[in-house]
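Protein chains in written order, with the numbering used here: chain R, 42 to 181; chain Y, 42 to 181; chain X, 42 to 181.
A short worksheet on the structure shown next.
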Amino acid sequence: MISQSEIRIDTSGRGTYDVSREVREAVRDSGIGTGLCHVFVCHTSASLMLCENADPSVMCDMESFMSRQVPDGDPMFTHTAEGPDDMAAHVRSVLTGSDLNIPVRDGQCALGTWQGVYLWEHRRAPHSRRIIVTVQGESS
Amino acid sequence: MISQSEIRIDTSGRGTYDVSREVREAVRDSGIGTGLCHVFVCHTSASLMLCENADPSVMCDMESFMSRQVPDGDPMFTHTAEGPDDMAAHVRSVLTGSDLNIPVRDGQCALGTWQGVYLWEHRRAPHSRRIIVTVQGESS
Amino acid sequence: MISQSEIRIDTSGRGTYDVSREVREAVRDSGIGTGLCHVFVCHTSASLMLCENADPSVMCDMESFMSRQVPDGDPMFTHTAEGPDDMAAHVRSVLTGSDLNIPVRDGQCALGTWQGVYLWEHRRAPHSRRIIVTVQGESS
């Protein structure tokens, strides 16, 4: 049994966006009881991550870390057609990844207590991002 | 056909723990011949990786690299409620990832000769970690 | 429904190799209409990534970034049996990952416009790399 749907997130620029609710809804709507929920972002300058969802300072620190690790406008970068955050966004996306699989159990995402699903927008300008959710498994 | 089980690993603190045997057993017990085995850690301060399983110095070097890259007690971090390794553990987890998918072929994990499955505990204190294994595919 | 096949890529040493065509063909040959395509590299010194496929300078910059981040011959590394790029290759592989899942929709890989699938060879010498592709879902 399989169910596929699409989420669209309009970002206001660089930062993290909690999409846990949307992903949980896609699982509930699928009618699947046991299986896997796959989340995929169709872009190369935004990524997905599972991260601590209780204290907002975690997201600030995550952003600070990444900004130091992969600085915008690094003189090493030659791919700068779309500005100083262009290549940095591609590197950040590769380091964090474009897809996630989450177990489905008893018809729900079996996330740990503190695990949230985040879209990470790496470009400074607002973007409209497409996420494809595929739920596969046995009906509940 | 689908099979879901749980592994619990009691860690003695920061370091890598080879869970290849447990994952291989879950695949064998599933009775699935061709498909995928998904491994998922339900925490945000421990992660999973596939890595070289022959020489223990690889794990030491991996730890040294990560400790330099994401130092505990980095003055940049503001999320420090649980101590100097709290935020570092979240960053390390995001960089290495919470889930893996391994092909199943002829009823076994189709890992390469040198690929082992490791749980990476990023907190300094011992923790009890839950891993969900989901095997999906056709019976052998 | 499930289909599993193998791709072999003979690399000429460190660098990225576009395998999008091979992955797309495996999906088309599977006869699956809706589902997921899993790509897995059976090695610990080569990895997989989704990245921008239009401007070749992106791959150059990605390589420059990684070479600075994880330098060959880092004096910190003790696992040096196979030379100065040995341990660096393992770290680079862990940071970028060994497997990817791509949604299948209407019988095709639902990649974004600019997303390409790349094998990243991290060793300096040529290697023969095995990639297992598993497509799972409903027939079209």
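Backbone N, C-alpha and C define an ideal beta-carbon position, used for all residues, glycine too.
* Taking the runs of the beta strand (DSSP E) that are 3 residues or longer, which of them lie wholly in the region 83-150 of chain Y? -> 87-93 and 140-146
### Task
Drop a sphere of 10 angstroms on the beta-carbon of X/Met128, count the other beta-carbons inside from all chains shown, and report buried for 16 or more, exposed for fewer.
Classification for X/Met128: buried.
Of all the residues that make up the region 59-91 of chain Y, which are near chain X by a beta-carbon distance shorter than 7 angstroms? Thr75, Gly76, Leu77, Met90 and Leu91
Starting from R/Val60, trace the alpha helix (DSSP H) both ways and give me its first and last residue. In the DSSP assignment, R/Val60 falls outside any alpha helix (DSSP H) and carries neither an H nor an E.
Practice prompt. State the CB to CB distance for the pair Y/Gly54 and X/Gln177, rounded to an integer number of angstroms; the pair is presumed to be in contact (CB under 8 angstroms).
Written response: Y/Gly54 to X/Gln177, Cβ: 38 angstroms. No contact.
*Please classify X/Arg69: does DSSP put it in a helix, a strand, or coil?*
helix
Q | Given X/Gly114 as reference, the closest of X/Gly72, X/Val99, X/Asp96 and X/Ala130 once Cα atoms are compared | A | Nearest C-alpha to X/Gly114 among X/Gly72, X/Val99, X/Asp96 and X/Ala130: X/Ala130.
*Identify the continuous beta strand (DSSP E) that holds X/Ser53 and give its terminal residues.*
Neither: X/Ser53 is in no beta strand (DSSP E) and is coded neither H nor E.
Per DSSP, cross-strand counterpart(s) of X/Thr175 = X/Gln45 and X/His79
**OP:** Count the other CB atoms, across all protein chains shown, that sit within 10 Å of the CB of Y/Arg49; report buried if there are 16 or more and exposed otherwise.
**Re:** exposed
_Contact set for R/His84: own chain, Cβ-Cβ below 7 angstroms, skip 5 residues either direction_ = Arg170
**Report entry** Sequence-distant residues of its chain with Cβ nearer than 6 angstroms to X/Pro167 (five each side left out)
**Finding:** Thr52, Ser53 and Gly54
Check whether the region 66-82 of chain Y and the region 53-73 of chain X touch, using three or more Cβ-Cβ pairs below 8 angstroms as the test. no
* Asked: Does the beta carbon of R/Arg55 sit closer than 9 angstroms to a beta carbon anywhere in chain Y?
  -> Not closer than 9 angstroms to any Cβ of chain Y, the Cβ of R/Arg55 fails to qualify, so no.
*Could you work out which residue in X/Asp59, X/Met103, X/Arg65 and X/Arg165 is closest to X/Asp147 when comparing CA atoms only?*
X/Arg65
Problem - Cβ-based burial, X/Thr175 [other Cβ within 10 Å; buried from 16] - result: Around the beta-carbon of X/Thr175, 16 or more other beta-carbon atoms lie within 10 Å, marking it buried.
Point to revise | Inter-residue Cα distance where the pair is X/Leu89 and X/Asp102 | key: Taking the straight line joining both Cα atoms gives about 16 angstroms.
Query raised in the report: On the three-pair Cβ rule with 8 angstroms, is the region 142-160 of chain R touching the region 106-121 of chain X?
Result: no
Which whole-angstrom value describes the C-beta separation of Y/Ile172 and R/Glu179, a residue pair presumed to lie in contact below a C-beta threshold of 8 angstroms?
Contact flag wrong, Cβ pair sits at about 21 angstroms.
Close beta carbons around Y/Val60, own chain, < 6 angstroms, minus the five adjacent residues each side = Val158 and Leu160
ask   = For Y/Trp155, does the three-state DSSP call read helix, strand or coil?
value = coil
- prompt: Any idea if Y/Asp126 is buried or exposed, counting beta-carbon neighbours within 10 angstroms, 16 or more meaning buried?
  reply: Buried, because 16 or more other Cβ atoms sit within 10 Å of the Cβ of Y/Asp126.
Review point. Does the beta carbon of R/Ile182 come closer than 9 angstroms to any beta carbon on chain Y?
Key: The question about residue 182 of chain R has no answer here: the residues shown for chain R are numbered 42 through 181.
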